[in-house]
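Visitor: Chains as they are written, first to last, in the working numbering: chain L, 447 to 685; chain S, 447 to 685.
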């Protein structure tokens with residue numbers, strides 16, 4: 447499956463097609479997909495459920511996690527979403543997403559880590575565990591206490607985004623960066639799982655709605671994870 | 447406190463002194479300290495217990511985590527250990543630690559993530575929680591079931607290091623890299639907390655003992671966390 451058409455000249459590896467191992471609600475795979483799409487790098491989607499612990503998948507990534515970006519021709523497997531993003535920053539000039547002075551680049555990477563680690567640990571990770579893993583893997587009901595705490599912490603993260611957008615056009619500064627992609631990827635998964643209450647977050651909602659209308663984001667919003675349905679506002683650009 | 451003498455010409459920011467906010471058993475601060483020392487960047491150690499939630503500390507890093515590297519003269523705070531390491535790779539040429547082709551750099555970053563996330567999540571994180579945080583913060587006893595599981599998983603990680611060192615001189619390839627610093631930082635904390643059984647890990651032990659004798663590592667091994675003592679072999683170079 448192609449992630450949108452891109453001119454051949456814009457490809458990082460002309461004639462070669464990367465295979466992205468992922469599942470639809472993985473926020474780290476979403477970050478990589480947004481970056482690849484913004485940079486015009488073509489890739490195929492390969493579905494991987496890391497919780498099934500497939501031997502062939504562990505052979506590609508001993509950490510047992512998605513995303514993995516595999517190039518069968520060269521026999522290369524890139525693992526870890528931040529390592530993958532740095533790789534494409536280094537090899538594809540188009541739409542630089544870790545840009546500016548060293549201090550500005552450190553600020554972009556700080557925010558990427560904040561969303562990859564803190565937002566995921568506080569919000570999208572617990573939501574995925576309660577609403578997806580428990581349902582698909584353990585056949586258990588979600589723990590409403592854990593869900594409430596994740597939604598409470600989501601508000602704190604959205605207040606921080608409100609604050610940043612009060613001071614800057616984009617999360618890390620004057621231009622769109624990997625920080626925006628990382629944040630949007632995490633938030634989109636939390637939003638799919640019903641964990642985001644947008645009321646009282648005007649700035650964050652404005653920033654996110656601009657994102658939702660980007661061509662790189664549309665394919666993500668149209669995908670569905672089996673058995674789990676998103677709320678009605680999830681894929682609406684004006685919501 | 448100085449982290450060893452370095453010639454002025456080798457400093458990334460001559461005449462300026464970075465302040466590193468950390469506590470002695472933070473594996474991420476240890477990784478940054480190893481990198482700064484290998485690169486000859488001077489810094490002062492500032493003690494921070496992130497679990498105390500100091501307002502001034504949260505103002506520097508909204509994620510509330512160490513390490514933070516602060517430059518009071520420029521009013522800059524660098525947060526997140528990987529962002530800090532990338533910053534010094536970009537600004538200080540000496541002893542490049544994310545080196546080689548883009549694929550090799552991706553391999554270094556994959557392994558850094560493996561130790562920062564998987565080893566920490568499986569081994570050093572649970573050990574720190576059970577043996578340090580519970581004692582210092584909650585005044586509770588460690589859960590022996592959690593400790594046993596962390597030590598079991600430590601063996602799996604050491605087997606992977608054995609495997610890597612069977613195929614390469616250093617973890618990510620032919621030269622020392624940030625992957626070695628990240629792994630040694632995590633392992634040193636787990637070893638301090640009695641979580642590492644070196645028997646049956648000849649390759650990993652050989653690699654680690656070379657590391658322990660490096661000038662960048664010696665200051666770390668001589669420090670002690672209040673009330674918690676390491677096992678006798680911890681700081682011995684030949685152990």
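Glycine included, every Cβ here is placed at the ideal spot set by N, Cα and C.
Nearest CA to the CA of residue 673 (chain S): which residue from S:582, S:549, S:641, S:491?
Guide: Here the question's residue 673 (chain S) lines up with position 227 in the second chain. From the listed residues S:582, S:549, S:641, S:491, the smallest Cα separation to residue 673 (chain S) is found for S:582.
Visitor: Rounded to a whole number of angstroms, what is the C-alpha to C-alpha distance between residue 531 (chain L) and residue 678 (chain S)?
Guide: Translated into the one-based positions of the first chain, residue 531 (chain L) becomes position 85. Translated into the one-based positions of the second chain, residue 678 (chain S) becomes position 232. Going by the C-alpha atoms only, they are around 42 Å apart.
Visitor: Relative to the C-alpha of residue 510 (chain S), which residue among L:560, L:630, L:605, L:657 is closest?
Guide: Here residue 510 (chain S) corresponds to residue number 64 of the second chain, with the count starting at 1. For residue 510 (chain S), the nearest C-alpha among the options comes from L:560.
Visitor: My output table needs one value for residue 531 (chain S): the three-state DSSP class, helix, strand or coil.
Guide: Your numbering for residue 531 (chain S) matches position 85 in the second chain. In the structure shown, residue 531 (chain S) adopts helical secondary structure according to DSSP, grouped into three states.
Visitor: Nearest-angstrom Cα distance between residue 584 (chain L) and residue 591 (chain L)?
Guide: The sequence position of residue 584 (chain L) within the first chain is 138, counting from 1. The sequence position of residue 591 (chain L) within the first chain is 145, counting from 1. Going by the C-alpha atoms only, they are around 18 Å apart.
Visitor: Helix or strand or just coil, what does DSSP make of residue 550 (chain L)?
Guide: Working through the first chain from its first residue, we reach residue 550 (chain L) at position 104. Annotated three-state conformation of residue 550 (chain L) is helix, per DSSP.
Visitor: Would you kindly check if the distance between the Cβ of residue 513 (chain S) and the Cβ of residue 635 (chain S) is under 8 Å?
Guide: Walking along the second chain from the start, residue 635 (chain S) turns up at place 189. Walking along the second chain from the start, residue 513 (chain S) turns up at place 67. The answer is no: Cβ separation not under 8 Å.
Visitor: Mind pulling the chain L residues with CB within less than 9 Å of residue 568 (chain S)?
Guide: Position 122 of the second chain, counted from the start, is the residue given in the question as residue 568 (chain S). Within chain L, no residue comes near residue 568 (chain S); the closest Cβ sits about 10 Å away, beyond 9 Å.
Visitor: Can you name the residues of chain S whose CB is closer than 7 Å to the CB of residue 526 (chain L)?
Guide: As a first step, residue 526 (chain L) is located in the first chain; it is residue number 80 there, counting from the start. Here the neighbours are 555, 556, 559.
Visitor: Do we get a CB-CB distance below 8 Å when we pair residue 621 (chain L) with the residues of chain S?
Guide: Sequence index remark: in the first chain, residue 621 (chain L) carries index 175 (1-based). Answer no: the Cβ-Cβ gap between residue 621 (chain L) and chain S never drops below 8 Å.
Visitor: Does the region 605-617 of chain L come close enough to the region 571-578 of chain L that 3 or more CB-CB pairs lie under 8 Å?
Guide: no
Visitor: Just reading off the beta strand (DSSP E) that residue 467 (chain S) is part of, what are its end residues?
Guide: Position 21 of the second chain, counted from the start, is the residue given in the question as residue 467 (chain S). Here the beta strand (DSSP E) through residue 467 (chain S) covers 464-468.
Visitor: Would residue 471 (chain S) and residue 578 (chain S) qualify as a contact pair, given that the criterion is a beta-carbon distance under 8 Å?
Guide: For the purposes of this step, residue 471 (chain S) is taken as residue 25 along the second chain, with counting starting at 1. For the purposes of this step, residue 578 (chain S) is taken as residue 132 along the second chain, with counting starting at 1. Yes, the pair counts as a contact, with Cβ atoms nearer than the cut-off.
Visitor: Taking 8 Å as the cut-off, does the region 477-497 of chain S touch the region 534-552 of chain S (at least 3 CB pairs, one atom from each stretch)?
Guide: yes
Visitor: What did DSSP end up calling residue 476 (chain L) once you bin it into helix, strand or coil?
Guide: In the first chain, counting from the first residue as 1, residue 476 (chain L) sits at position 30. Helix at residue 476 (chain L).
Visitor: Identify the contact partners of residue 564 (chain L) in chain S, using a Cβ-Cβ distance below 9 Å as the criterion.
Guide: Here residue 564 (chain L) is taken as the residue at index 118 of the first chain, counted from 1. 508, 509, 510, 511, listed in chain order.
Visitor: At the 8 Å Cβ level, is residue 533 (chain S) part of the contact set with chain L, yes or no?
Guide: Counted from its first residue, the second chain places residue 533 (chain S) at position 87. Judged by the 8 Å Cβ criterion, residue 533 (chain S) is in contact with chain L.
Visitor: Quick check on DSSP: helix, strand or coil for residue 490 (chain S)?
Guide: One-based indexing of the second chain puts residue 490 (chain S) at position 44. If DSSP states are grouped into helix, strand and coil, residue 490 (chain S) belongs with the strands.
Visitor: Find the residues of chain S that neighbour residue 479 (chain L), judging by a C-beta separation of less than 7 Å, and give them in chain order.
Guide: Residue numbering aside, residue 479 (chain L) sits at position 33 when the first chain is read from its first letter. Within 7 Å Cβ-Cβ: nothing; residue 479 (chain L) doesn't reach chain S, min ~17 Å.
Visitor: If you follow the alpha helix (DSSP H) that residue 637 (chain L) is part of, which residue opens it and which one closes it?
Guide: The residue given as residue 637 (chain L) occupies position 191 in the first chain. From DSSP, the alpha helix (DSSP H) with residue 637 (chain L) extends over 624-638.
Visitor: Given a threshold of 16 other Cβ atoms within 10 Å of its Cβ, counted over all protein chains shown, does residue 626 (chain S) qualify as buried or as exposed?
Guide: Start at 1 with the first residue of the second chain, and residue 626 (chain S) comes out as number 180. Looking at its Cβ environment, which holds 16 or more other Cβ atoms inside 10 Å, residue 626 (chain S) is buried.
Visitor: For residue 494 (chain S), which residues in chain L fall below 9 Å Cβ to Cβ?
Guide: Counting from one through the second chain, the residue named residue 494 (chain S) turns up at place 48. Ordered by position in chain L, no residue passes the 9 Å Cβ test against residue 494 (chain S), which lies about 17 Å from the chain.
Visitor: Can you give the beta carbon distance from residue 633 (chain L) to residue 654 (chain L), rounded, assuming they're within the 8 Å contact cut?
Guide: As a working note, residue 633 (chain L) is residue 187 in the first chain. As a working note, residue 654 (chain L) is residue 208 in the first chain. Correct: roughly 6 Å between the Cβ atoms.
Visitor: Is the Cβ-Cβ distance between residue 596 (chain L) and residue 642 (chain L) less than 8 Å?
Guide: Indexing the first chain from 1 puts residue 596 (chain L) at position 150. Indexing the first chain from 1 puts residue 642 (chain L) at position 196. No, Cβ-Cβ distance for residue 596 (chain L) and residue 642 (chain L) is not below 8 Å.
Visitor: Looking only at its own chain, which residues have a Cβ that is under 6 Å from the Cβ of residue 683 (chain S), when we skip the five neighbours before and after it?
Guide: The residue labelled residue 683 (chain S) in the question sits at position 237 within the second chain. Beyond the five residues adjoining it in sequence on each side, residue 683 (chain S) comes within less than 6 Å, by CB distance, of 658, 659 in the same chain, given in chain order.
Visitor: Tell me which same chain residues have a C-beta within less than 6 Å of the C-beta of residue 477 (chain S), skipping the five on either side of it?
Guide: Working through the second chain from its first residue, we reach residue 477 (chain S) at position 31. The answer, listed in chain order, is 527, 627, 628, 631.
Visitor: Can you list, in chain order, the residues of its chain whose CB lies under 7 Å from that of residue 675 (chain S), leaving out five sequence neighbours each side?
Guide: As a first step, residue 675 (chain S) is located in the second chain; it is residue number 229 there, counting from the start. Cβ within range, chain order: n/a, list empty.
Visitor: Alpha carbon to alpha carbon, how far is residue 620 (chain L) from residue 546 (chain L)?
Guide: Taking the first residue of the first chain as 1, we reach residue 620 (chain L) at position 174. Taking the first residue of the first chain as 1, we reach residue 546 (chain L) at position 100. Cα to Cα, the separation comes out at about 10 Å.
Visitor: With 16 as the cutoff for other CB atoms within 10 Å, does residue 695 (chain S) come out buried or exposed?
Guide: Nothing about residue 695 (chain S) can be read from this structure; chain S reaches only from 447 to 685.
Visitor: Can you give me the C-alpha to C-alpha distance between residue 624 (chain L) and residue 549 (chain L), rounded to a whole angstrom?
Guide: As a first step, residue 624 (chain L) is located in the first chain; it is residue number 178 there, counting from the start. As a first step, residue 549 (chain L) is located in the first chain; it is residue number 103 there, counting from the start. The alpha-carbon atoms of residue 624 (chain L) and residue 549 (chain L) are separated by roughly 15 Å.
Visitor: Along the chain, where does the beta strand (DSSP E) that runs through residue 516 (chain L) open and close?
Guide: Here the question's residue 516 (chain L) lines up with position 70 in the first chain. Taken as a continuous stretch (DSSP letters only), the beta strand (DSSP E) holding residue 516 (chain L) covers 514-517.
Visitor: Taking only the alpha-carbon atoms, compute the straight-line gap between residue 504 (chain S) and residue 502 (chain L) and give it to the nearest angstrom.
Guide: As a working mapping, residue 504 (chain S) is identified with position 58 in the second chain. As a working mapping, residue 502 (chain L) is identified with position 56 in the first chain. C-alpha separation (whole angstroms): 43 Å.
Visitor: In this structure, how does DSSP classify residue 619 (chain S) when only helix, strand and coil are distinguished?
Guide: Here residue 619 (chain S) refers to the residue found at position 173 when the second chain is read from its first residue. If DSSP states are grouped into helix, strand and coil, residue 619 (chain S) belongs with the strands.
Visitor: In the DSSP assignment, find the beta strand (DSSP E) that holds residue 678 (chain S) and state where it starts and stops.
Guide: The residue you call residue 678 (chain S) lines up with position 232 of the second chain. Per DSSP, residue 678 (chain S) lies in no beta strand (DSSP E) segment and is marked neither H nor E.
Visitor: When you check each C-beta in the region 467-491 of chain L against every C-beta of chain S, which residues fall closer than 9 Å?
Guide: Within the region 467-491 of chain L, no residue qualifies.
Visitor: What are the residues in the region 587-606 of chain S lying within 7 Å of chain L by C-beta distance?
Guide: Listed by position, the residues of the region 587-606 of chain S near chain L (Cβ gap below 7 Å) are 606.
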